[in-house]
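According to our numbering, the residues represented by the sequence shown are 1189 to 1458, in order. For each residue, glycine too, the CB sits at the ideal point set by N, CA and C. As the structure is a prediction and not an experimental result, all values here were calculated from the model. See below for the structure under consideration.
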Amino acid sequence: MPFSMKYYLTLESPVEKNLRIRLGDCVYIYRQSPNPMTSKQLSGKKNADQQIDGDHFIETIRTAADNAIKTRSHSFERQQCIIIRVQHLAIIESTGQRILFGHHYIWPSETYHEPTRKFYPNELLRSPLCEWAAMEEVRKTCIVLDPSTYVKGRPIGYDSDDVFICEMRVDRGAKSFSRIPKSAHFPVNTKSYAFELYPEKLKIKRTYSPHQLPESVPKKTKSNRKDNHANKFDDNIDQDGNTRSSTTSTIIKVPEIDEKVRHFFREICS
C-alpha cells in the first residue's frame, strides 16, 4: 500500500460499540456489489503488480463508510449482503479509518450452473474475489463451516440463520466448481466452552435449487391440459349453438340441412 497502516488482531466497529471483529470472523457487508477500486483477484496474476492510487483508495473507503452510515436504518436482509471472511484488520494512520480485508463467499444464485444442480439450503461458495472494506459497512457477524463440522454443532453465540455450509469453491467467473480440500478449510474451535454440540448429528441433503419454482405455482399435468382444451372448446360455442372462430370473434353460422336432402339420406340408409 502507498500509505502506512497499523494491523490488529481485533477491532471494534466505530458504529456499533458491541460489535467486535476478529481475524477469521465472517461478516455481512451491506452492499450490492464489490468495489472494483478496493477489490482484487487472488488467482489473477495480472493484478499482482498493479499500483494503487493511495488518495483514491482512501476516498473510496471514506465514501463507502458514509454510505453505510446513511443506509444503517434499512432493514437487514441476508441475501442482499456480501459475506466476507476477515483476513486482515487495519487502521489507516493518516485518517484513522478502520478497514478490513478478506475473500468473498457467494450465494448459489450468483453462480453459473446447470438448472438441475442442487445445493444445501444454507450453502455458500468460496470465491477468489478479495477486497478491502470499511468497518462501518459491517452489519453483523456470521459463521461458515465445512459440512463435517456443521453436522456436529455450531459455535456458541450464533443464530441458526447465521450458520452456513461451504464445501465448494468457484473460479473467477463463478462457472467452474471444485471441492475444497479438508486442509484448506478454516479451523473452528470445537471445545465445549466455544462450541455447542447437537444431541445427534444432522443429516443434510442438497435440496435447494435457485431455479426451482415456488410450491404455490401449480404444475401442468395431462388432466389439466385436457380440461383446459375442453373449456376452450366449450367457450367457442355460444348459447344459440353457433361456432365461434378461435382466431377471430366472427360467428360462423352452420347452415340447416334442406328437407329434400334429409329425405334422400333417409332412403339411402334404409
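Per-residue DSSP class, three states only, for K1370: On the sequence shown, residue 1370 is found 182 positions in, with the first residue counted as 1. In the structure shown, K1370 sits in a helix (DSSP, three-state: H, G or I).
Pairwise C-alpha distance: Q1267 and S1397: Position 209 of the sequence shown, counted from the start, is the residue given in the question as residue 1397. Position 79 of the sequence shown, counted from the start, is the residue given in the question as residue 1267. When only Cα atoms are considered, S1397 and Q1267 end up about 15 Å apart.
Cβ contact check for the region 1366-1385 and the region 1315-1330: 3 or more pairs under 8 Å: The region 1366-1385, when compared against the region 1315-1330, does not touch it at the 8 Å Cβ threshold.
N-terminal and C-terminal residue of the alpha helix (DSSP H) that H1244 is part of: The residue given as residue 1244 occupies position 56 in the sequence shown. Unbroken alpha helix (DSSP H) run through H1244: 1242-1258.
Rounded separation between T1395 and Y1308 - CA only: Translated into the one-based positions of the sequence shown, residue 1395 becomes position 207. Translated into the one-based positions of the sequence shown, residue 1308 becomes position 120. Cα to Cα, T1395 sits roughly 6 Å from Y1308.
Residue(s) in a DSSP beta bridge with E1200: Indexing the sequence shown from 1 puts residue 1200 at position 12. R1208.
CB-CB length for I1257 against V1203, believed under 8 Å: Residue numbering aside, residue 1257 sits at position 69 when the sequence shown is read from its first letter. Residue numbering aside, residue 1203 sits at position 15 when the sequence shown is read from its first letter. At roughly 7 Å, the Cβ-Cβ gap stays under 8 Å, so I1257 and V1203 are in contact.
S1437 burial status per 10 Å Cβ neighbour count (16 or more: buried): Your numbering for residue 1437 matches position 249 in the sequence shown. Caution applies to S1437, whose pLDDT of 49 falls short of 50 and renders its modelled position unreliable; the model cannot decide the point.
Nearest residue (CA-CA) to I1353, options E1388, G1341, C1269: Working through the sequence shown from its first residue, we reach residue 1353 at position 165. When each option's Cα is compared against that of I1353, the closest is G1341.
Integer-rounded CB distance, given that R1273 should sit under 8 Å from H1291: In the sequence shown, the residue the question calls residue 1291 occupies position 103. In the sequence shown, the residue the question calls residue 1273 occupies position 85. So it is a contact: roughly 6 Å between Cβ atoms.
C-beta atoms of L1313 and I1331 nearer than 8 Å: Taking the sequence shown and counting its residues from 1, the one referred to as residue 1313 is at position 125. Taking the sequence shown and counting its residues from 1, the one referred to as residue 1331 is at position 143. Using a Cβ distance threshold of 8 Å, L1313 and I1331 do not count as a contacting pair.
Helix, strand or coil at P1316 according to DSSP, with G and I counted as helix: Counting from one through the sequence shown, the residue named residue 1316 turns up at place 128. The answer is strand: DSSP assigns P1316 an E or B state.
Proximity winner among D1349, R1327, C1318, E1319, relative to H1333 (alpha-carbon distances): Here residue 1333 refers to the residue found at position 145 when the sequence shown is read from its first residue. Here residue 1333 is Leu; the residue named in the question, His, does not match the sequence. Nearest of D1349, R1327, C1318, E1319 to L1333, Cα basis: D1349.
Of the residues K1379, E1384, R1327, L1390, the one placed nearest Y1218, counting alpha carbons only: If you number the sequence shown from 1, residue 1218 lands on position 30. When only C-alpha atoms are compared, the closest one is R1327.
C-beta atoms of V1351 and N1310 nearer than 8 Å: As a first step, residue 1351 must be located in the sequence shown, where it is residue number 163. As a first step, residue 1310 must be located in the sequence shown, where it is residue number 122. Contact: yes.
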